[in-house]
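Read in order, the letters of the sequence shown are residues 1116 to 1717 in our numbering.
C-beta atoms are modelled at their ideal positions from N, C-alpha and C, and glycine is treated no differently.
In this text, all values refer to a predicted model and were calculated from it rather than measured experimentally.
Single-structure report; data block below.
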Amino acid sequence: MSGVTWVWILLIGYIVYCIYWGIEGAIKAKTTAQYTIAGRQIPMIAFLLAATAASFSGWTFIGHPGLIWRDGLPYAFASFYVLTIPITGTFFAKRVWLLGKRYGFITPGDMYAYYFGNEAMRWLVVITAFLYSCFYSAVQFMAAGALFHWVTGFPFEWGAVFLAGVVLFYVAAGGLRASTWVGMLQCILLVAGIIIIGLFTLKQFGGWSDFSAKIAKLPSKYLEIPSMIEFTSGKTIWTGVMILTYMFALMGIQASPAFTMWQFGNKNPRPFPWQQAFASTFVVGFALFFFTAFQGLGGVLLTDVLGITKDSDLVPLLMKNYIPGFWLGLVFIGAIAAMHSTAAPYVGTGATIICRDVYFRFMRPNAGHAEQIWTSRLLAVLITAVALIVGLTSKAALVMLGGLATAFGFIMYLPLLGTIWGFRFPGIGAALGVLAGMVAVFITYKIIKYPLTIHCAGWGIFAALLVAYLCRGLGVKDSPEIKNRQQEMRQWLDSIDSPTPSQRNWRRFLKIGVPLWYLFAIGPLAILGNKGFSFAGFPPLWSWQITWWLIGIVMMWALCFKAGLSYITDEQIQRAEVEKNIVIEEIKAPVGVAKVLPTKSK
């Protein structure tokens, strides 16, 4: 059968799988918690695969190889986001789960508003979640429609609407449970698709030896990190500082409100270290450091043959010209799965956050479970509709706001640092800091593009921390009630999650090791890789990337397990289960002054 026939066959099978989990999730979602955070019962294997898929979107599948084609190995340093995305979870995920378990938080707005004692933080989370959900999902829907058109000839607009409708059904019907179980399959398809395209690209050159020999003859712009002079002359943006701060932006993915809710929804934190150190850093890293580079650099050599004119054309043209029959169908479904795996959790959690933090909190505080679930479903329809409208009518806004989404997510490091690790700044400082960070991100992305070759995420977090600590320096203080609440939360976290002597020693070592890794692997000192060692036919800069990726795997293992940042013991889990009798009384407390009452777990 032809490749297009296989595309339709496998697409139908994929849609049936999505519909099944949408219906299954709807049947089991009897309460708000069961719908919004899967009843805090997401099992290990489901989170392990689904969270990995959600971290690496259709942009990884289509855009990442395309930018390697355009900018060469200097851009390929972006593959290190297989480590910098999950390292956010390493720092925060376990403690987020512990707080959610004890205090009954459902949305990050619940957690931040309670800890900092003001509703401004709740509204900032709502704004962030809405922007992230609408515009990041729009990027995925448009990419899916474009690929559908490339492969089958199906009209682009209708393809985007059709594939968005598939996501909407299983997300709105089944909630987070459906998104998670569909995400398991999506993760497998995503990784398999990237590897298959890379292998078929390599095949066009007769194998690795001929391919590597041709790569070695490429112009230096494809094989070396540029200097600041080359940046100021307009030749490139990928300096060492830009690479480092661009990784900051991608660290915002697991700091986003969607991932915080996913962490609340886990049965326990056992899957966290395995997702961070193994599924993401090792498995997806293997696919990106080798097979997306095969695609991108192979595309440079095949540019004239394929007629590639822009980076977004690379992967569709490789698929259309070099991948036959069943394999084309499998790769196509892998690409669609990559796009859906990101859109689905953002649409679902965005709707839930608006429902819980706006509708239920302020408009209908007495709403029952059924009303909240159906309101979340209607809001999912709204978010999907907005995403499609923006994507189909305003390409400029789509590109700008899609690019801003992850940088906005990184600003959420500010309230996470305060809530999870006890960084001391007042509640008003946290709110103004997040707001200042968002403004700085917008200015340094849209108005003054990346000044000093620093990505807008770098400027954003600098402005956020500056304003938060400036408020503290000016004498702004929280009320005694809020201070007591924060102290109680920090003391409980420290009592249940204090490091052992061995873990404390590892943390001291890694306080030096991790910054050094950042400087050499993805920071200014990565320029040493231009003229460094090479092995097995890999150019020096590619060899440098592979070496520091392998070192990064060891570093993540040490952070997650040896330093105990992500690993949890049975005793800690049992204690969290026993002490989950403290919840927020959301209805009776005045806005911004939530009370803590001993009661049964929600």
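Top-ranked residue by Cα proximity to residue i, from the options
i	options	result
L1608	R1210, P1439, K1646, C1586	R1210
A1144	I1183, V1286, F1320, C1302	V1286
V1582	L1680, L1547, Y1565	L1547
I1358	P1639, T1147, V1276, L1182	P1639
Y1633	Y1361, A1288, F1277, M1116	Y1361
L1188	I1666, A1500, L1333	L1333
A1719	M1670, T1354, F1256, T1559	Nothing about residue 1719 can be reported from this structure: the residues present for the chain run from 1116 to 1717 only.
Q1601	F1207, F1648, Y1229	Y1229
V1549	A1691, I1563, T1418, L1532	L1532
T1490	N1620, A1450, G1465	G1465
Y1399	R1492, I1303, G1483, K1329	Going by the sequence as given, residue 1399 is Val instead of Tyr. Among R1492, I1303, G1483, K1329, the Cα nearest to that of V1399 belongs to I1303.
G1322	L1665, I1688, I1661, G1652	G1652
N1620	G1679, W1273, R1292	G1679
A1545	A1288, T1418, N1233, F1269	N1233
A1244	P1223, A1261, A1258, V1254	P1223
L1072	L1674, F1635, W1121	Here the chain covers residues 1116 to 1717 and nothing more, so residue 1072 does not appear.
I1075	K1626, W1296, A1259	Residue 1075 is absent from the model: the chain starts at 1116 and stops at 1717.
L1278	L1291, S1427, H1264, R1476	H1264
I1688	I1368, G1137, R1385	R1385
P1595	A1208, F1231, G1137, G1204	F1231
DSSP three-state assignment for residue i, whether helix, strand or coil
i	result
N1599	helix
N1381	strand
S1348	Low per-residue confidence applies at S1348: pLDDT is 49, beneath 50, and the placement is therefore not dependable enough to give any value.
N1233	coil
T1424	coil
M1116	coil
V1240	helix
V1591	coil
A1709	For A1709, the predicted model reports a pLDDT of 41, less than 50, meaning its position is unreliable and no value from the coordinates is stated.
Y1682	coil
L1333	coil
R1479	coil
I1111	Since the first residue shown for the chain is 1116 and the last is 1717, residue 1111 is missing from the structure and cannot be characterised.
L1643	helix
T1203	helix
A1651	coil
W1265	helix
L1338	coil
G1215	helix
F1256	helix
L1125	helix
D1612	coil
G1321	coil
Y1132	helix
F1577	helix
I1563	coil
P1460	helix
F1220	coil
Integer Cβ distance of residue i from residue j, believed to fall under 8 Å
i	j	result
P1091	V1591	This structure cannot settle anything about residue 1091, because the visible part of the chain is limited to 1116 through 1717.
R1622	P1614	6 Å
S1456	A1168	4 Å
T1534	Y1227	6 Å
I1221	R1471	6 Å
H1484	T1151	Going by Cβ atoms, the distance from H1484 to T1151 rounds to 10 Å, so no, they are not a contact pair.
I1130	V1281	6 Å
A1691	W1377	A1691 to W1377, Cβ: 17 Å. No contact.
A1453	C1249	Actually they do not touch by this definition, with Cβ atoms about 19 Å apart.
N1381	I1597	28 Å between Cβ atoms; not a contact.
I1340	A1673	Contact flag wrong, Cβ pair sits at about 27 Å.
A1572	F1525	5 Å
F1577	M1553	About 13 Å; that fails the 8 Å criterion.
Terminal residues of the alpha helix (DSSP H) in which residue i lies
i	result
E1692	1685–1693
S1248	Run containing S1248: none; DSSP gives neither H nor E here.
A1408	1408–1416
L1314	1271–1318
P1386	1386–1389
S1371	Where S1371 is concerned, there is no enclosing alpha helix (DSSP H), given that its DSSP letter is neither H nor E.
L1188	1188–1191
P1616	1616–1632
V1501	1484–1508
Y1361	1355–1366
V1430	1429–1437
Any C-beta of chain B under 8 Å from that of residue i
i	result
L1532	Absence of chain B from the displayed structure is noted, only one protein chain being present.
Q: Entirely within the stretch 1138–1178 and at least 3 residues each: give me those beta strand (DSSP E) ranges in chain order.
A: none
(Q) Quick check for students: name the residue ranges of the alpha helix (DSSP H) that lie wholly in the stretch 1513–1551, counting only runs of 4 or more. (A) 1528–1536
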